[in-house]
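Here the structure is laid out as structure tokens; the discussion comes afterwards.
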Amino acid sequence: LHDMEAAAVEVQVDGAQLEGGGQVVRVAAGVGALLRKSLRIHSVRAGRRVAGLRPQHLAGVQLVSRLAACQLHGAAIGSTAISLHPTAPLTVQQQQFEWRGDTGTAGAVTLLVQAVLPLLLLHTPLYENTVTNPTAPSTTSTSTTAIKRASSLRLLLVGGTDVPYAPPLDYFRHALLPLLHHVLTRN
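Using this note's numbering, read the sequence shown as starting at 3 and increasing by one per residue.
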């Protein structure tokens, strides 16, 4: 199937699975966006005392949606069902290399990272770069368009860094990121 045709088939995800917390929402949104699959996540955080999206979950799915060119429906604080639909090929949002995610609370920024990590690790965006040849005579204009790999992407995440029931920032900084760097830069 063509990518957008495959996305039209909506995958149903039960948010009450496993511990019934936010991890199902974060992983489903990130992987679904990466694979260009339309998702409907129902029973969001049904295993928690207060079910539905909390601010950090909402910020995470919104960040995934913006980063991966997806439409997000039903996403609000307290929502127990959301839908995420890819709108274009994954490279559509490649012109922006700085992305902001704000929990609006002291919600864990490390949980925002978990939501976008599949996209960041498994998809390197492409972008077009038009370069004008400065050595060409001034009477002629030559330019070339090249497709290049994005060299960096910056996330500005606002929220808590050491929050109960979430990986602390120091874990990301001193354990996960060095491990990913080691694994991803091996020849």
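All C-beta atoms, glycine included, are put in the ideal place defined by N, C-alpha and C.
(request) To the nearest angstrom, report how far apart A190 and A35 are at their CA atoms. (result) Not covered by the structure: residue 190. The range shown for the chain is 3 to 189.
(request) Would you mind sorting T105 into buried or exposed? The rule is 16 or more other CB atoms within 10 Å of its CB. (result) buried
(request) Identify every run of the alpha helix (DSSP H) within the region 67-115, keeping only runs that are complete inside it and at least 4 residues long; order them along the chain. (result) none
(request) Compare the C-alpha of A117 against each of L186, R50 and A61 and name the closest. (result) A61
(request) Measure the CB-CB distance between G32 and L121 and report whether it falls below 7 Å. (result) Their beta carbons are under 7 Å apart, which means G32 touches L121 by this criterion.
(message) Tell me which residues share the same chain as L157 and place their Cβ nearer than 6 Å to its Cβ, disregarding the 5 neighbours each side in the sequence.
(response) W101
(request) Can you say whether H59 is buried or exposed, counting buried as having 16 or more other CB atoms within 10 angstroms of its CB? (result) The residue in question, H59, is buried, as its Cβ has 16 or more Cβ neighbours within 10 Å.
(message) With a threshold of 7 Å on Cβ separation, who are the neighbours of A30 within its own chain once the five nearest residues in sequence on each side are excluded?
(response) Correct list, in chain order: V15, L41 and I43.
(request) Give me the Cβ distance between G161 and T107, rounded to the nearest whole Å; I'm assuming they're in contact under 8 Å. (result) Contact holds; Cβ gap of about 7 Å.
(message) Taking the alpha carbon of S179 as the reference point, which residue from L119, T163 and L65 has its own alpha carbon closest?
(response) Residue identity check: residue 179 is Leu in the sequence provided, not Ser. A check of alpha carbon separations from L179 across L119, T163 and L65 identifies L119 as the nearest.
(message) With the cut-off set at 7 Å, would you say G54 and G80 are in Cβ contact?
(response) yes
(request) Taking only the alpha-carbon atoms, compute the straight-line gap between V46 and H183 and give it to the nearest angstrom. (result) 33 Å
(message) Let's test the definition: count the other Cβ atoms within 10 Å of the Cβ of V111 and tell me whether it reaches 16, buried, or not, exposed.
(response) Residue environment: V111 is assigned as buried (16 or more neighbouring CB atoms within 10 Å of its CB, all protein chains considered).
(message) By DSSP's criteria, E12 is part of a beta bridge. Which residues make up the other side?
(response) S40
(request) Sort F174, R188, V52 and T163 by Cα distance to T82 and report the nearest one. (result) Among F174, R188, V52 and T163, the Cα nearest to that of T82 belongs to V52.
(request) Counting only the same chain and skipping the five closest in sequence on each side, list residues whose C-beta sits under 8 Å from that of L186. (result) L123
(request) Give the range of the alpha helix (DSSP H) segment to which V160 is assigned. (result) In the DSSP annotation of this structure, V160 is not part of any alpha helix (DSSP H); the continuous beta strand (DSSP E) holding it starts and ends at R156 to V160.
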